[in-house]
Amino acid sequence: MCRIKTVKTAQCLVDRVHLVHLHSLQIIHGISFIYTCGGTLKGRNGSIESPGFPYGYPNGANCTWVIVGEEGSRIQLMFLSFAIEEEYDFLSLYDGHPHPANFRTRLTGFQVPPPVTSTGNVFSLRLTSDFAVSAHGFKLNYEELHSTSCGNPGVPPKAVLSGGGRFAVGDRVRYSCVPGYVLDGHATLTCITNTGNTAVWDFPAPICRAEDTCGGTVRGGSGVVTSPGYPGNYGNQADCTWILLAEPGDTISVIFTDFQTEEKYDYLEVEGSEPPTIW
Ligand SMILES: [Ca+2]
């Protein structure tokens, strides 16, 4: 299928359906192409869904939601469903009011993102879509977190979460994986108080990967990569490649929190736009 972004750049074969589509686009554009929605939300918790969910959000959408919690609280978003045309439509998150300086991350595609928590009592979301192709959209719950609550750490794909309750300081949760998948990362997380006197999980949630595989593609504002079996030993003959993707123009910083390989025999090579580096 060929996708036409503007009439000027349309260079592929256009069938009848495309012609009808372009024609109707021109008519819509003459009236008003921007679909606005969103609003300001207050209250301890609630939910947000994209307009038309789950039957598809409109083209030309520009919807901004601003969630305002109590002074001193943080806002946690928990996605229940997420399907947004990848790389053409976006849900942008702003850690505060929706100003460029508060930009946090841009979500797109068909994977349900993990929970995300603001640093202050305001969290904003903006849905933008281009002129063609929609998807189910998104649905999320939001909740005010107080300084003694870590909030729901989320359940990664193929993982099972046990324990928890209120996710308050001192609470523990334990992860396991469904059969056929193995856990990378820490199986147990504890809700602790950090130096800023805020409740946080002591480790990021682990991931479950299919047995006998390693590596993968990681995208999003931040993430975690661990060697297979971490914090246990990796296996012999391992050959794993991870690709970390950022937005065009962004740079990626890789911070090692733990590193141990067999000296002289096993190595990790990091390659990017700079020449490769070997550890
Ligand atoms: Ca679209």
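Counting from 1, position 111 in the sequence shown corresponds to residue 111 in full-length UniProt numbering; the numbering is continuous, with no gaps.
Virtual Cβ for every residue (Gly too), placed ideally from N, Cα, C.
Residue 168 sits in a strand when the DSSP states are folded into three classes. Here the alpha carbon of residue 188 sits roughly 38 angstroms from the alpha carbon of residue 57.
About 11 angstroms separates the beta carbon of residue 178 from that of residue 211, a gap too long to meet the 8 angstroms contact definition. Judged by DSSP secondary structure, residue 143 falls within the beta strand (DSSP E) whose first and last residues are 137-145. Taking 7 angstroms as the cut-off, the beta carbon of residue 47 is found no closer than this to the beta carbon of residue 127. In the three-state reduction of the DSSP assignment, residue 45 falls in the strand class. Those residues placing their Cβ nearer than 5 angstroms to any heavy atom of ligand 1 are, following chain order, 85, 88, 89, 129, 130 and 133. DSSP places residue 102 in the helix class (H, G or I) of the three-state scheme. Here DSSP, grouped into helix, strand and coil, assigns residue 39 to strand. Of the residues assessed, residue 117 falls on the buried side of the cut-off, its CB having 16 or more other CB atoms within 10 angstroms.
In this structure, residue 66 sits away from residue 108, with a CB-CB distance that is not shorter than 7 angstroms. Between the beta-carbon of residue 192 and that of residue 224 there is about 17 angstroms, and that puts the pair past the 8 angstroms contact cut. The continuous stretches of beta strand (DSSP E) do not include residue 59, and DSSP gives it neither H nor E. Note on geometry: alpha-carbon atoms of residue 173 and residue 34 lie some 44 angstroms from one another. Counting C-beta pairs closer than 8 angstroms gives three or more between the stretch 75-88 and the stretch 98-115, which meets the contact rule.
Taking 8 angstroms as the upper bound for CB-CB distance, residue 125 and residue 93 are in contact here, some 6 angstroms apart. One thing to note: residue 88 has its Cβ within 7 angstroms of the Cβ of residue 130.
In the three-state reduction of the DSSP assignment, residue 269 falls in the strand class, which pools E and B.
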